[in-house]
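Chains as they are written, first to last, in our numbering: chain A, 174 to 356; chain B, 166 to 442. Just below is one structure, and these are the notes that go with it.
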Amino acid sequence: MATALETWPDVDLIESARGGNALAFAVLYDRYADRVYRHIAYRVGVPDCEDLTQQTFLKAWQAIGRYRVMDVPFVAWLLTIAHNIVVSYYRARREHQPLVDDVPKIDERADPHRQAERNERQRMVRQAISRLKPEFQQVVAMRYLEELDYADIARQLGKRENTVRVTLHRALHELRKHLLEAV
Amino acid sequence: MARVPSDVILACLDDIRAGRRTLDECVAQHPEAAAELRELAGVAMAIRIDDAPAMDEAARLRGRAQLLATITSNGHRPAENRAVLARALAWRPRWLAALGAGLSALAAGGAVAYAAQGAPPDSPLYPIRQAVEVVAQAVRPAPPSQAPASATVPVLSPSSPPAAAPSSAASPPGSAPPERRQTGEASPSVRPAEDRGRGDDGDRDGGREDRALPSPSASSRGEAERGNPEAKARDDDRGDTRGATNGRGDADGRGTVRSPTPSPKTPANREGRRGRD
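See the structure below:
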């Protein structure tokens, strides 16, 4: 059953999940869990990432009846749920220092000095992103982390494409300011 | 200097990130945006999902199992189910909604009436209790002893006044103040206040029945107490078992109508007598 489901396109899996087929939804989880996980990990760090990924998919299951296939790609919809969960997470913790304790990836073949510099730069960027206001964070994440096109982002956020571009443009300026402050 | 549109800047940054153009090429094509492109190119290039840690296979399998266990347990259903239910209910005729609303109102009213049963006089529910009592009095069927009693008591005194007979028969002369006898309320020394909350309903009902619908048996009881030997003999024939029934009947407020002269030997009769008084 699960093997057959794995060959189904997203649209059919979503329709089946709407009818209560948990296995169909599990296949969607298999397809997109990693992207959601990385998206969340980039913004909140590793320690709570697994739990927040679970919450994202659970919310998606509960709300899948409201998802409209023609409006936006499924992953964009998932990432919007993930974004809302991340915002709630920060609101609950009332802090915006989420990436300090993150564990950087270690590439043993790389030069240790260059790897250390790279890791430090990554940490600064992620911390700067986390200091953006949620609207900016969401657009930056959807465009540069998930590489969704502007039309999909606009549909998902209920905004016009040009508004999304202006928001991203402002977010990059704001991000640069935070990076300069951090140096 | 003219402000460069966002779409131009972002198109250049996207090309630089994707490797389709270099920063120098973009600056050459949009010299008016050179400064901004140089500032933002580094920022845009620094944001990479590759920097985020990937989900390892063990975590994915663990998460999948947890998710399946959660969504297949009760309490977690996709929203579509609720949407289907809502659509199905939306097609129901309006009278169903009206019926539901009526039943809800009835249930709420019943709950309030039930809660008001033991309301003391200073309670906000006391007016409701009074109203319920009035309605209950109006709709309550006549006690079975009233109508058929004429068949069981063949000898009636046609001259006995309807209103006077029950009050004189209900209690011995001078045993309670007249107004208390009329309302049928129990003496405060006999029952605690809590008892009056419910028991008074019955007693008061019984008193009203006596006053409004004098029963033949009450008339005969009056005769017996006034010394009519025939009536007294009939009452004595019924014996102490009637007395026991009488005591129970007082508790629900109907015993006074059919109660014979109580036997002083039976405690239940004494209780019934008190309730009637």
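By construction, the Cβ of each residue, glycine as well, lies at the ideal position given by its N, Cα and C atoms.
Exercise for the section: Identify each residue in the region 223–239 of chain B for which the Cβ-Cβ distance to at least one residue of chain A is less than 7 Å, and report them in chain order. Expected result: A224, R225, G228, R229, Q231, L232, L233, T235, I236, T237
Problem - Option in I302/A, V200/A, A344/A with minimal Cα separation from L232/B - result: For the purposes of this step, residue 232/B is taken as the residue at position 67 of the second sequence. Checked all of I302/A, V200/A, A344/A; the closest Cα to L232/B is V200/A.
Exercise for the section: Report the neighbours of D207/A on chain B: residues whose CB is nearer than 8 Å to its CB, in chain order. Expected result: Indexing the first sequence from 1 puts residue 207/A at position 34. Simply A219, M220, R225.
Exercise for the section: Identify which residue in Y323/A, E347/A, E354/A has its Cα closest to the Cα of D172/B. Expected result: Translated into the one-based positions of the second sequence, residue 172/B becomes position 7. Looking at the Cα atoms, Y323/A is the closest of the given residues.
Handout entry: Nearest residue (CA-CA) to R213/B, options V209/A, G218/A, I326/A, V298/A
Key = Here residue 213/B refers to the residue found at position 48 when the second sequence is read from its first residue. The option with the nearest alpha carbon to R213/B is V298/A.
Problem - Whole-Å CB distance - A206/B paired with Y317/A, under 8 Å assumed - result: Position 41 of the second sequence holds residue 206/B. Position 144 of the first sequence holds residue 317/A. Contact flag wrong, Cβ pair sits at about 13 Å.
Problem - Local Cβ density within 10 Å of H286/A, reported as buried at 16 or more and exposed below that - result: Sequence index remark: in the first sequence, residue 286/A carries index 113 (1-based). It counts as exposed.
Practice task
Determine the chain B residues that contact V313/A at a beta-carbon separation under 7 Å, and present them in chain order.
Solution key: For the purposes of this step, residue 313/A is identified with residue 140 of the first sequence, where counting begins at 1. Chain B residues near V313/A: I212.
Practice task
Please state if the CB of Y210/A and the CB of T226/A are separated by a distance shorter than 9 Å.
Solution key: In the first sequence, the residue the question calls residue 226/A occupies position 53. In the first sequence, the residue the question calls residue 210/A occupies position 37. Their beta carbons are under 9 Å apart, which means T226/A touches Y210/A by this criterion.
Handout entry: Candidates V259/A, V248/A, R241/A, A233/A, of which the one nearest Q310/A by Cα
Key = Mapped onto the first sequence, residue 310/A falls at position 137. Per the Cα distances, V259/A.
Exercise for the section: Kindly indicate which three-state DSSP category T229/A falls into: helix, strand or coil? Expected result: The residue given as residue 229/A occupies position 56 in the first sequence. The answer is helix: DSSP assigns T229/A an H, G or I state.
Handout entry: Interface flag, W181/A vs chain B, CB-CB below 9 Å
Key = Within the first sequence, the letter at position 8 stands for residue 181/A. Not closer than 9 Å to any Cβ of chain B, the Cβ of W181/A fails to qualify, so no.
Practice task
Report the option in R225/B, R229/B, A211/B whose CA atom is closest to the CA atom of A363/A.
Solution key: The structure shown has nothing for residue 363/A, since chain A only spans 174 to 356.
Practice task
Could you tell me which of V219/A, E188/A, H342/A sits nearest to D221/B, measuring between CA atoms?
Solution key: Working through the second sequence from its first residue, we reach residue 221/B at position 56. Among V219/A, E188/A, H342/A, the Cα nearest to that of D221/B belongs to V219/A.
Handout entry: Nearest-angstrom Cα separation, counted from E319/A out to V313/A
Key = Locating residue 313/A in the first sequence gives position 140, counting from the first residue. Locating residue 319/A in the first sequence gives position 146, counting from the first residue. If I take the Cα positions, the gap works out to 9 Å.
Practice task
Using three-state DSSP, classify S269/B as helix, strand or coil.
Solution key: For this step, residue 269/B is matched to residue 104 along the second sequence. Of the three classes helix, strand and coil, the one that applies to S269/B here is helix, per DSSP.
Exercise for the section: Go through the region 186–264 of chain A residue by residue and report every complete run of the beta strand (DSSP E) that reaches 3 residues or more, in order. Expected result: none
Problem - Cβ-based neighbour list, P307/A, same chain, cut-off 7 Å, excluding 5 preceding and 5 following - result: Start at 1 with the first residue of the first sequence, and residue 307/A comes out as number 134. These residues qualify, in order along the chain: V260.
Practice task
Select from the region 182–216 of chain B all residues with a C-beta closer than 7 Å to any C-beta belonging to chain A, and list them in chain order.
Solution key: E204, L205, V208, A209, A211, I212, I214, D216
Practice task
For T229/A, count neighbouring C-beta atoms within 10 Å of its own C-beta (all shown protein chains included) and say buried if the count is 16 or more, exposed if not.
Solution key: Residue mapping note: residue 229/A aligns to position 56 of the first sequence, counting from 1. Its Cβ being crowded by 16 or more others within 10 Å, T229/A is buried.
Problem - Classification of L353/A by the beta-carbon crowding that lies within 10 angstroms, buried from 16 upward - result: Counting from one through the first sequence, the residue named residue 353/A turns up at place 180. The residue in question, L353/A, is exposed, as its Cβ has fewer than 16 Cβ neighbours within 10 Å.
Problem - Interface flag, D180/B vs chain A, CB-CB below 9 Å - result: Numbered from its first residue, the second sequence carries residue 180/B at position 15. Answer no: the Cβ-Cβ gap between D180/B and chain A never drops below 9 Å.
Practice task
Output, in chain order, the set of chain A residues within a Cβ distance shorter than 7 Å of S171/B.
Solution key: As a working note, residue 171/B is residue 6 in the second sequence. Here the neighbours are R338, V339, H342.
Problem - Closer than 9 Å to chain A by CB, L261/B - result: As a position in the second sequence, residue 261/B is number 96, starting the count at 1. No - not a single Cβ of chain A is within 9 Å of the one on L261/B.
Handout entry: DSSP state of Y350/A mapped onto helix, strand, coil
Key = Here the question's residue 350/A lines up with position 177 in the first sequence. For the record, residue 350/A in the displayed sequence is Lys; it is not Tyr. Here K350/A sits in helix by DSSP.
Exercise for the section: Measure the beta-carbon distance from F198/A to W250/A and round it to whole angstroms, keeping in mind my assumption that it falls under 8 Å. Expected result: Taking the first residue of the first sequence as position 1, residue 198/A is located at position 25. Taking the first residue of the first sequence as position 1, residue 250/A is located at position 77. Contact flag wrong, Cβ pair sits at about 13 Å.
Exercise for the section: Kindly list, in the order they appear in chain B, the residues whose Cβ is closer than 7 Å to that of L348/A. Expected result: Your numbering for residue 348/A matches position 175 in the first sequence. Chain B residues near L348/A: V208.
Problem - Residue from V248/A, R349/A, R338/A whose Cα sits closest to the Cα of A206/A - result: Against the first sequence, residue 206/A aligns to sequence position 33. For the residues V248/A, R349/A, R338/A, the minimum Cα distance to A206/A belongs to V248/A.
Problem - Beta-carbon neighbours of E293/A, restricted to chain B and to distances below 7 Å - result: Numbered from its first residue, the first sequence carries residue 293/A at position 120. Those within 7 Å of E293/A in chain B number zero; the least Cβ separation is about 12 Å.
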